Amino acid sequence: MSANLENMVKVFERPQSLTDARFTYCPGCHHGIITRIIGNVMDELGIVERTVGIAPVGCSVFSYLWYKADSQQVPHGRACAVATGIKRARPELIVFSYQGDGDFASIGTAESIHAANRGENITVIFVNNQIYGMTGGEMAPTTLVDQKTTTTPEGRDPRVAGYPIRFSEMIATLDAPAYVTRQALFDTKHIMETTKAVKKAFQYQVEGKGYSLVEILSTCPTNWRMSPVQSNTHVAETVTKVFPLGDLVDRG
Amino acid sequence: MGERLLLRGNEVIAEAAIRAGCQCYFAYPITPQAELLEHMALNMPRLGRTFIQAESEIAAISMVYGAAGAGVRTMTSSSSPGISLKQEGISYLAGASLPCVIVNIVRGGPGLGNIAPSQCDYFQATKGGGHGDYHLIVLGPSTVPEAGELTMLAFELADQYRIPVMILADGLLGQMMEPVELPDPIDPASLPAKDWATTGAKGRAPNIILSFEMDPDDLKQMNLDLQSKYRTITENEIRYEEYETEDADIVIAAHGTIGRICKSVVRMARAEGIKVGLFRPITLWPYPYEPLKRLSQQVHTVLTVEMSAGQMWEDVRLAVAERAATPFFGETGGIVPTPRSILNEVKKHVR
């Protein structure tokens, strides 16, 4: 048995850049996959020892626990401004923010747009699951029309609550950003593509090319009241029609 | 000491910050502190340092949070309504024990108020301002040279105690020009390294900047640690000035700009044979309760004079208790009381 084990090739392991701490995310949620992808990218680029992560407010508030990198936990929505402060203070650091849709595209709207417009040499990971997970499933700026949430119990009525905001498209109208893309994780192929996008986003920062934004369509089985499998199907068949996948800007 | 310069208060605060080794300055334009922002815009890039005109007051204080967490000396400045917007970040900075300097060139309030000088933000500065059990060190300069000295001191205290420090001045001080001698610049590279800062986890465990604990016992401990720090600061850092108090029957308690004006009032009163002294707190937090308490035992009246409806007056009454009479005289709306009007008020209390 032991001889066989020695001959086996290890093809899957915990990224070296991640700690042993267990994730606090619900089953079927994509936050864990995204965290792993970031860990793998830090491994591949060899940057964990000079990276500072920004932990937001929301389900990923504890994200400072997962990485063997320095972190700052920051006020709701202010991640891009804090990232600006860190990066300007110490340009040699690799700085990334990890933000949900409420954080990045609602309460942090001003900070998100202006950091992009200044072309801050940072990487933003924007997790769009169309709902406020931690507070109990309220409407997000990205919530789909007719989607039921605890604050749109009859479904999001655009006459009252507006439409799902395509924030990455807004960022893509600016002159400064180096890379803006929207990705998803509902099957293996898309997980691989997301990994490539995240790697490119960090690579651009390492090379000093400027601001990059990777929006990732994620799931919230708990608050969507769906199984993980149903959630993946929902992203593939419904969410991507409102939030189309693909690169919006690539000035690399 | 360096060369003798003729500068506005706003410019002196900016120049003192640069000489104190401030490497990152973030702010949003507002009157009456625009010269401070403009001095930094001109001079920080020349020195290879960071100046950013932020998109908002909230963004500016959040940038300060990031730079402070990364271990450099950093500052923001604003005026009353802008400082209100910064309160979110100030509470987080206090909770995360991050050193920084925040300048409030106070204008008349509430609301939009006006751009005339006022002391109406005393409560906000000294009693909290943002959410949670926290304090800032609050320094109240009364002259342009003192604004420079206290700005240099603010950076030292911020680093020593890992606490945000506020300079509470007003539009009069910000706009007024006086000759100053500023000390030679500190080389930021010569400052002690901050081993807690997020500088990259190379050869050490990750450093985490946090202003929260989910577990109530842990959050209680964080609060106990803050309170312990505040006690140490209260024991070591109280600053105040006494002027002509030795034989005084009446003491005027006043801070900042009006504290300086009240020095003239003391001289005018003494010329008329009235034994008046001045007690001027320099640290508005921690407040010099004990020195004022001692002083109140030798006088019959402690007259508080402020450019507000009576805010520091509450601290004066806490210090004096029933040991002396504690009348109040003040102006609001950005009106600065004249020495003559204050002297007339003093005369009402002569026994």
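Protein chains in written order, with this note's numbering: chain A, 16 to 267; chain B, 427 to 777.
Every residue, glycine too, gets a C-beta built ideally from N, C-alpha and C.
As the structure is a computational prediction, the values presented were derived from the model and not from experiment.
Residue i in three-state terms, based on DSSP
| i | result |
| --- | --- |
| B/Leu562 | coil |
| B/Ala542 | coil |
| B/Gln601 | helix |
| A/Ser121 | helix |
| B/Ala623 | coil |
| B/Ala446 | coil |
| A/Arg197 | strand |
| B/Tyr669 | strand |
| B/Gly682 | helix |
| B/Asn633 | coil |
| B/Met501 | strand |
| A/Gly47 | helix |
| A/Thr112 | Before going on, a small fix: residue 112 of chain A reads as Ser here, not Thr. Strand at A/Ser112. |
| B/Tyr451 | strand |
| B/Ser722 | helix |
| A/Cys95 | helix |
| A/Val213 | helix |
Buried or exposed (CB count within 10 angstroms, at least 16 for buried), residue i
| i | result |
| --- | --- |
| B/Ala615 | exposed |
| A/Ser242 | exposed |
| A/Asp118 | buried |
| A/Val24 | exposed |
| B/Thr552 | buried |
| B/Val691 | buried |
| A/Gln31 | exposed |
| B/Pro609 | exposed |
| A/His45 | buried |
| A/Leu232 | buried |
| A/Asn19 | exposed |
| B/Glu672 | exposed |
| B/Met466 | buried |
Residue i: contacting residues in chain B (beta-carbon distance under 9 Å)
| i | result |
| --- | --- |
| A/Glu59 | Here the premise fails: no neighbours, minimum Cβ distance about 18 Å. |
| A/Gln113 | As written in the sequence, residue 113 of chain A is Tyr, which differs from the Gln given in the question. Residues of chain B passing the Cβ test: none, with the nearest at roughly 14 Å. |
Residues that DSSP places opposite residue i in a beta bridge
| i | result |
| --- | --- |
| B/Trp711 | B/Val564 |
| B/Gly756 | B/Glu732 |
| B/Arg533 | B/Pro543 |
| B/Arg430 | B/Glu607 |
| B/Val702 | B/Ile676 |
| A/Asp265 | A/Tyr194 |
| B/Thr727 | B/Ile676, B/Ala751 |
| B/Cys688 | Per DSSP, none; premise fails for B/Cys688. |
| A/Gln88 | A/Ala70 |
| A/Ile146 | A/Met154 |
First through last residue of the beta strand (DSSP E) which encompasses residue i
| i | result |
| --- | --- |
| A/Phe258 | Here A/Phe258 belongs to no beta strand (DSSP E), and DSSP marks it neither H nor E. |
| A/Tyr82 | Looking at the DSSP string, A/Tyr82 is not in any beta strand (DSSP E), and its letter there is neither H nor E. |
| B/Pro590 | 590-596 |
| B/Gln479 | 476-479 |
| B/Cys569 | The identity of residue 569 of chain B in the sequence shown is Thr, whereas the question assumes Cys. Looking at the DSSP string, B/Thr569 is not in any beta strand (DSSP E), and its letter there is neither H nor E. |
| A/Ala70 | 66-70 |
Delimiting residues of the alpha helix (DSSP H) encompassing residue i
| i | result |
| --- | --- |
| B/Tyr548 | 548-552 |
| B/Leu769 | 765-773 |
| A/Ile186 | 182-187 |
| A/Thr164 | First-last for A/Thr164: undefined, no H or E at that position. |
| B/Tyr518 | 513-521 |
| A/Val142 | Looking at the DSSP string, A/Val142 is not in any alpha helix (DSSP H); the run it does join, the beta strand (DSSP E), is 138-143. |
Under 9 Å from the C-beta of residue i: neighbouring residues of chain A
| i | result |
| --- | --- |
| B/Ile484 | Pro90, Gly92, Arg93, Ala96, Ala125, Glu126 |
| B/Thr476 | Gly100, Arg103, Ala104 |
Proximal chain A residues relative to residue i, where beta-carbon distance stays under 7 Å
| i | result |
| --- | --- |
| B/Asn469 | Neighbours of B/Asn469 on chain A: none; closest Cβ ~16 Å, over 7 Å. |
| B/Glu514 | Pro90 |
Listed by chain order, chain B residues near residue i by CB distance under 8 Å
| i | result |
| --- | --- |
| A/Gly100 | Cys450, Phe452, Ser488, Met489, Val490, Tyr491, Gly492, Ala493, Ala494, Gly495, Ala496, Thr500 |
| A/Arg240 | The contacting residues do not exist; A/Arg240 stays about 26 Å from chain B at best. |
Chain-ordered neighbours of residue i on chain A, where CB pairs are closer than 8 Å
| i | result |
| --- | --- |
| B/Leu579 | Chain A residues near B/Leu579: none, gap ~22 Å exceeds 8 Å. |
| B/Lys628 | Glu64, Arg65 |
| B/Ile528 | Near B/Ile528 there are no residues of chain A at all, since even the closest Cβ is about 14 Å away, more than 8 Å. |
Neighbouring residues, chain B, relative to residue i (Cβ below 7 Å)
| i | result |
| --- | --- |
| A/Gln87 | Gly492, Gly495, Thr624, Ile635 |
| A/Tyr79 | Ile634 |
| A/His129 | Glu481, Ala485 |
Residue-level contact to chain D via CB, residue i, 9 Å cutoff
| i | result |
| --- | --- |
| B/Tyr518 | The chain labelled as chain D is not found among the protein chains of the depicted structure, namely A and B. |
Near the ligand SAH: residue i beta-carbon under 8 Å from a heavy atom
| i | result |
| --- | --- |
| B/Pro642 | As presented, the structure is devoid of all ligands, the ligand SAH included, so that no description of it is given. |
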